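Just so you know, the sequences run in chain order A and B. With my numbering applied, the first sequence has no gaps in its numbers, which climb one by one up to 717 at the end. With my numbering applied, the second sequence has no gaps in its numbers, which climb one by one up to 500 at the end. Built from N, CA and C at the ideal position, the CB exists for glycine as well. All figures in this text were calculated on a predicted structure; none of them were measured in a lab. Some notes on the structure that comes next.
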Amino acid sequence: MSGVETGEAVAFFLLAPLSVIGALGMVMARNAVHSALWLVLTMLSLGVFYIVQAGPFIGMVQIIVYTGAIMMLFLFVLMLVGRDASDSVIETLRGQRVVAIVLGVGLAGLLGLGTYRATQGLAVTGLDEANKAGNVQGLARLIFTNYVFAFEVTSALLITAAVGAMILAHVERRRGERVGQAAKMRERFLPGNYPGPKAGPGVYATSTSVATPAKLPDGSPAPRSISPILPTRELTAAEKANKHTEGR
Amino acid sequence: MNPTLADFGKDVWWIVLIKIVAVFVFLVVMTLFTIWYERRVVARMQVRPGPNRHGPFGLLQSLADGLKLAFKEDIMPLKADRVVFFLAPVISTVCAFTAFAIMPFGPFVSIFGQRTPLQLTDIPVAVLLVLATSGLGIYGIVLSGWASGSTYPLLGGLRSSAQMISYEVAMGLSIVAVFMSAGTMSTSEIVTKQADSNWYAILLLPSFVIYAISAVGETNRAPFDLPEAESELVGGFHTEYSSLKFALFFLAEYINMVTVSGLAVTLFLGGWRMPFLPDWLNQGWWGALWFTIKVLILLFMFVWLRGTLPRLRYDQFMKFGWKVLIPANLVWILVLAGVKTVNAHAPQQRWYWIGGAFALVLLAAIFWPSKKDSPKPTLEQEVAARPAGSFPVPPLDLQVPVSPRAQRITAEREVV
Chain A
470 MSGVETGEAV AFFLLAPLSV IGALGMVMAR NAVHSALWLV LTMLSLGVFY IVQAGPFIGM
530 VQIIVYTGAI MMLFLFVLML VGRDASDSVI ETLRGQRVVA IVLGVGLAGL LGLGTYRATQ
590 GLAVTGLDEA NKAGNVQGLA RLIFTNYVFA FEVTSALLIT AAVGAMILAH VERRRGERVG
650 QAAKMRERFL PGNYPGPKAG PGVYATSTSV ATPAKLPDGS PAPRSISPIL PTRELTAAEK
710 ANKHTEGR
Chain B
85 MNPTLADFGK DVWWIVLIKI VAVFVFLVVM TLFTIWYERR VVARMQVRPG PNRHGPFGLL
145 QSLADGLKLA FKEDIMPLKA DRVVFFLAPV ISTVCAFTAF AIMPFGPFVS IFGQRTPLQL
205 TDIPVAVLLV LATSGLGIYG IVLSGWASGS TYPLLGGLRS SAQMISYEVA MGLSIVAVFM
265 SAGTMSTSEI VTKQADSNWY AILLLPSFVI YAISAVGETN RAPFDLPEAE SELVGGFHTE
325 YSSLKFALFF LAEYINMVTV SGLAVTLFLG GWRMPFLPDW LNQGWWGALW FTIKVLILLF
385 MFVWLRGTLP RLRYDQFMKF GWKVLIPANL VWILVLAGVK TVNAHAPQQR WYWIGGAFAL
445 VLLAAIFWPS KKDSPKPTLE QEVAARPAGS FPVPPLDLQV PVSPRAQRIT AEREVV
């Protein structure tokens with residue numbers, strides 16, 4: 470190995486274990502969000518690797534696009550799953566681990582072999598030659614000349630996916646059906662509708678239980694102060710006990 | 085002598101160390117100062133004195149607040165995810181500090197006999213580094229919201245991730261025009277390019293306006309401070325945080341303000357150079373002074389916005405980002421690219437090309453089919469359409485009889 474500087478070697482030996490740990494952690498973590506965070510660590514290390522190997526643009530793009538945008542969207546969805554939704558240890562598909570390991574190793578072998586075959590006997594121009602006009606400029610020239618078709622096809626694919634997602638999530642409304650802010654406001658003040666905020670459960674109640682209704686000025690219970698999902702039941706003695714709010 | 089990319093990465097290790105410490109100290113002092121500055125300016129706008137007890141003009145108020153915050157009890161919520169809860173403010177702060185590494189404070193200076201650019205470092209993709217760190221900084225906010233294990237922080241975290249990702253797109257697109265004009269992504273070279281032509285805030289005004297708006301959205305400042313909208317979300321993502329961890333979020337927010345202001349100065353406002361000054365005032369350490377003054381002016385804008393505008397509604401805010409800022413930006417980039425291409429390939433006939441494109445747009449605008457609005461109901465129809473039992477309104481042709489007293493007053497006035 471010639472031409473490896475000390476800084477490069479130090480960066481590699483610091484980050485290579487970290488990225489492997491991240492990958493392992495991604496697989497092993499029980500919690501989905503933790504899993505995503507381990508993957509972020511791996512992607513971040515990969516980004517730094519690209520930068521160390523004199524590809525600053527691809528490294529920054531890796532960090533912005535993969536860790537900044539894609540993993541963030543993953544996290545966005547995972548967060549909604551809830552804090553305690555950890556993976557169950559029970560296998561739902563019999564023998565899926567063995568199959569997964571075999572297929573994973575097979576895919577890795579296939580990709581490695583394919584890359585090996587493709588790069589066999591390739592004329593190497595060297596980094597100085599490739600980065601002669603600057604890393605970003607060299608990359609831009611290649612993308613917009615030799616590979617412009619592949620680049621455009623990829624972008625068309627991504628846009629198609631985005632438009633498809635929008636169509637799936639889109640709710641078609643006719644012009645008349647759309648309810649604007651002004652219409653909502655008018656609806657709020659229609660007769661029969663109470664426009665103010667409802668009293669919170671137990672706020673004006675005499676006990677600490679949320680099942681105790683608030684009292685109206687004439688002493689009768691206010692039915693609106695109790696959430697409709699609470700079942701009707703007899704209050705216990707502790708719940709009935711007075712909060713001593715009379716100010717005696 | 086302007087620094088170029090080749091001048092970086094050659095410093096002695098202790099120079100690098102000095103620069104790192106200097107950037108760190110600059111950011112912390114700027115944070116302390118900005119908090120005081122903001123409170124004083126807002127107070128002035130609201131006709132009250134603001135903090136004026138600790139130190140001259142109350143300058144030490146934020147230092148005292150920071151110390152007090154550090155000695156407060158550190159509360160760990162029972163349902164929190166301990167590791168992530170601790171990690172979130174650290175991520176926020178580290179990313180905030182890292183972004184400032186590429187800010188050019190000035191040209192070459194001499195530090196203990198070593199000639200070095202007044203900038204920690206510069207790389208060919210320096211501006212992308214700021215975008216990358218701000219993208220990672222979102223993790224701090226999102227994770228704090230999730231790890232707190234309660235509802236308000238979760239909602240605040242979700243809101244902020246959606247908001248910051250949306251506005252980062254607009255911000256990144258507005259920077260594209262600068263890259264196209266400067267032909268480089270390195271901050272020191274962008275500053276040099278602006279000295280040769282003009283400030284990009286003037287040449288690329290639409291980009292600057294969009295950058296300024298999206299910078300406010302990106303830093304979660306009023307009027308775009310929806311992730312911590314008190315009236316809806318209590319404190320937003322940092323509701324459960326206390327003590328030093330809260331202080332770290334506070335620090336990160338103010339550093340981010342300084343960073344986006346610094347980036348605006350570097351990309352659009354000529355960097356550390358001040359116009360209309362003799363050459364000797366635009367050299368050496370003077371650059372740092374001009375840079376700081378420009379940043380402080382931009383920070384004043386932040387405070388001014390906060391003191392003036394009410395908070396936006398969330399859906400309006402997102403609609404504004406995606407349906408106004410981003411399309412406007414794309415159209416502007418297209419126009420700029422077209423002008424640059426015409427300039428490069430056919431400079432003689434450029435007015436024909438530009439005029440032709442303009443005429444095409446004009447024709448399209450003239451012949452665009454207009455939306456037909458349904459006829460507006462008259463007042464009588466609207467009144468008739470009101471549901472039964474509505475609040476009684478007087479009849480439209482109601483004749484209000486004139487009060488006899490009013491008649492007398494007019495009569496008296498006529499007499500006088």
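4-residue-minimum alpha helix (DSSP H) runs that sit fully inside the segment 110 to 168 of chain B, ordered along the chain: 145 to 154
Selection of the segment 121 to 152 of chain B by Cβ proximity to chain A, strictly under 8 Å: none
Reference S327 (chain B), options B:V113, B:R124, B:A261, B:P173, closest by Cα: In the second sequence, residue 327 (chain B) corresponds to position 243, counting from 1. Here the closest residue by C-alpha is B:P173.
Beta-carbon contacts of D149 (chain B) that lie in its chain and below 8 Å, excluding the five residues immediately before and after: Indexing the second sequence from 1 puts residue 149 (chain B) at position 65. These residues qualify, in order along the chain: I119.
Rounded C-alpha distance that separates T303 (chain B) from G256 (chain B): Position 219 of the second sequence, counted from the start, is the residue given in the question as residue 303 (chain B). Position 172 of the second sequence, counted from the start, is the residue given in the question as residue 256 (chain B). So the two alpha carbons sit approximately 14 Å from each other.
Closer than 9 Å to chain A by CB, Y223 (chain B): Within the second sequence, the letter at position 139 stands for residue 223 (chain B). For Y223 (chain B), the answer is yes, since a Cβ of chain A falls inside 9 Å of its Cβ.
Which of helix, strand or coil DSSP assigns to R199 (chain B): Position 115 of the second sequence, counted from the start, is the residue given in the question as residue 199 (chain B). Strand, per DSSP.
Spatial distance of P237 (chain B) from T323 (chain B) (CA atoms): By one-based count along the second sequence, residue 237 (chain B) stands at place 153. By one-based count along the second sequence, residue 323 (chain B) stands at place 239. If I take the Cα positions, the gap works out to 6 Å.
Beta carbon proximity, T268 (chain B) to chain A, threshold 9 Å: Working through the second sequence from its first residue, we reach residue 268 (chain B) at position 184. It does: the Cβ of T268 (chain B) has a partner Cβ on chain A nearer than 9 Å.
Residue-level contact to chain B via CB, P525 (chain A), 9 Å cutoff: Reading the first sequence from its first residue, position 56 is the one you call residue 525 (chain A). Yes, contact with chain B.
Y398 (chain B) to S250 (chain B) span [Cα, whole Å]: Within the second sequence, the letter at position 314 stands for residue 398 (chain B). Within the second sequence, the letter at position 166 stands for residue 250 (chain B). So the alpha carbons of these two residues sit roughly 12 Å apart.
Best match in B:K403, B:A348, B:L446 for proximity to V211 (chain B) [C-alpha to C-alpha]: Taking the first residue of the second sequence as 1, we reach residue 211 (chain B) at position 127. Answer by Cα proximity: B:A348.
Chain B contact for M470 (chain A) (CB, 9 Å cutoff): Locating residue 470 (chain A) in the first sequence gives position 1, counting from the first residue. For M470 (chain A), the predicted structure reports a pLDDT of 42, less than 50, and the residue's modelled location is therefore unreliable. The matter cannot be settled from this model.
Test: R717 (chain A) CB closer than 9 Å to a CB of chain B: Translated into the one-based positions of the first sequence, residue 717 (chain A) becomes position 248. Note that R717 (chain A) scores 49 on pLDDT, short of 50, meaning its location in the model is unreliable and no value can be drawn from it.
Local Cβ density within 10 Å of E312 (chain B), reported as buried at 16 or more and exposed below that: The count along the second sequence starts at 1 and reaches residue 312 (chain B) at position 228. It counts as buried.
Backbone CA spacing between A691 (chain A) and A680 (chain A) [nearest angstrom]: In the first sequence, residue 691 (chain A) corresponds to position 222, counting from 1. In the first sequence, residue 680 (chain A) corresponds to position 211, counting from 1. In a straight line, the C-alpha of A691 (chain A) is about 12 Å away from that of A680 (chain A).
Proximity test, Cβ basis, 9 Å: F475 (chain B) and chain A: Taking the second sequence and counting its residues from 1, one reaches residue 475 (chain B) at position 391. At least one chain A Cβ lies under 9 Å of F475 (chain B).
Buried/exposed call for P133 (chain B), threshold 16 Cβ in 10 Å: Working through the second sequence from its first residue, we reach residue 133 (chain B) at position 49. Exposed: under 16 other Cβ atoms inside 10 Å.
Check whether G590 (chain A) and A599 (chain A) have beta carbons under 9 Å apart: Taking the first residue of the first sequence as position 1, residue 590 (chain A) is located at position 121. Taking the first residue of the first sequence as position 1, residue 599 (chain A) is located at position 130. Against a cut-off of 9 Å, the Cβ pair of A599 (chain A) and G590 (chain A) comes out as no contact.
At least 3 beta-carbon pairs within less than 8 Å: the segment 507 to 515 of chain A vs the segment 485 to 492 of chain A: yes
Proximity to G219 (chain B) [Cα-Cα], best of B:S176, B:F451, B:G371: As a first step, residue 219 (chain B) is located in the second sequence; it is residue number 135 there, counting from the start. The shortest Cα separation from G219 (chain B) among B:S176, B:F451, B:G371 belongs to B:S176.
Three-state class that DSSP yields for K684 (chain A) in the structure shown: For the purposes of this step, residue 684 (chain A) is taken as the residue at position 215 of the first sequence. Strand.
Candidates B:P135, B:V477, B:V100, B:P431, of which the one nearest R199 (chain B) by Cα: Numbered from its first residue, the second sequence carries residue 199 (chain B) at position 115. Of the listed residues, the one whose Cα sits closest to R199 (chain B) is B:V100.
P660 (chain A) in three-state terms, based on DSSP: Numbered from its first residue, the first sequence carries residue 660 (chain A) at position 191. Correct three-state label for P660 (chain A): coil.
Helix, strand or coil at F189 (chain B) according to DSSP, with G and I counted as helix: Locating residue 189 (chain B) in the second sequence gives position 105, counting from the first residue. Here F189 (chain B) sits in coil by DSSP.
Cα-Cα separation between A183 (chain B) and A216 (chain B), rounded to whole angstroms: For the purposes of this step, residue 183 (chain B) is identified with residue 99 of the second sequence, where counting begins at 1. For the purposes of this step, residue 216 (chain B) is identified with residue 132 of the second sequence, where counting begins at 1. Answer to the nearest angstrom: the Cα atoms are 8 Å apart.
Buried or exposed by the 16-neighbour rule on C-beta atoms within 10 Å, applied to L580 (chain A): Taking the first sequence and counting its residues from 1, the one referred to as residue 580 (chain A) is at position 111. Classification for L580 (chain A): exposed.
For N304 (chain B), the three-state DSSP class (helix, strand or coil): Working through the second sequence from its first residue, we reach residue 304 (chain B) at position 220. Reduced to three states, the DSSP call for N304 (chain B) is coil.
Three or more C-beta pairs below 8 Å linking the segment 290 to 308 of chain B and the segment 338 to 358 of chain B: yes
Bounding residues of the alpha helix (DSSP H) (the contiguous stretch that carries I532 (chain A)): Reading the first sequence from its first residue, position 63 is the one you call residue 532 (chain A). No alpha helix (DSSP H) contains I532 (chain A), which DSSP labels as neither H nor E.
Pairwise C-alpha distance: V445 (chain B) and A127 (chain B): Position 43 of the second sequence, counted from the first residue, corresponds to residue 127 (chain B). Position 361 of the second sequence, counted from the first residue, corresponds to residue 445 (chain B). Near 48 Å, if we compare the C-alpha coordinates of V445 (chain B) and A127 (chain B).
Among A:R702, A:L549, A:V530, A:I527, nearest to G240 (chain B) - alpha-carbon criterion: Mapped onto the second sequence, residue 240 (chain B) falls at position 156. Of the listed residues, the one whose Cα sits closest to G240 (chain B) is A:L549.
Cβ of I698 (chain A) within 9 Å of any chain B Cβ: The residue given as residue 698 (chain A) occupies position 229 in the first sequence. Not closer than 9 Å to any Cβ of chain B, the Cβ of I698 (chain A) fails to qualify, so no.
Contact set for L547 (chain A): own chain, Cβ-Cβ below 7 Å, skip 5 residues either direction: Along the first sequence, one-based indexing puts residue 547 (chain A) at 78. Correct list, in chain order: A501, V502, A505.
Segment contact flag, the segment 656 to 665 of chain A with the segment 471 to 483 of chain B, C-beta cutoff 8 Å, min 3 pairs: yes
Under 9 Å between C-beta atoms of I695 (chain A) and P682 (chain A): As a position in the first sequence, residue 695 (chain A) is number 226, starting the count at 1. As a position in the first sequence, residue 682 (chain A) is number 213, starting the count at 1. The answer is yes: Cβ separation under 9 Å.
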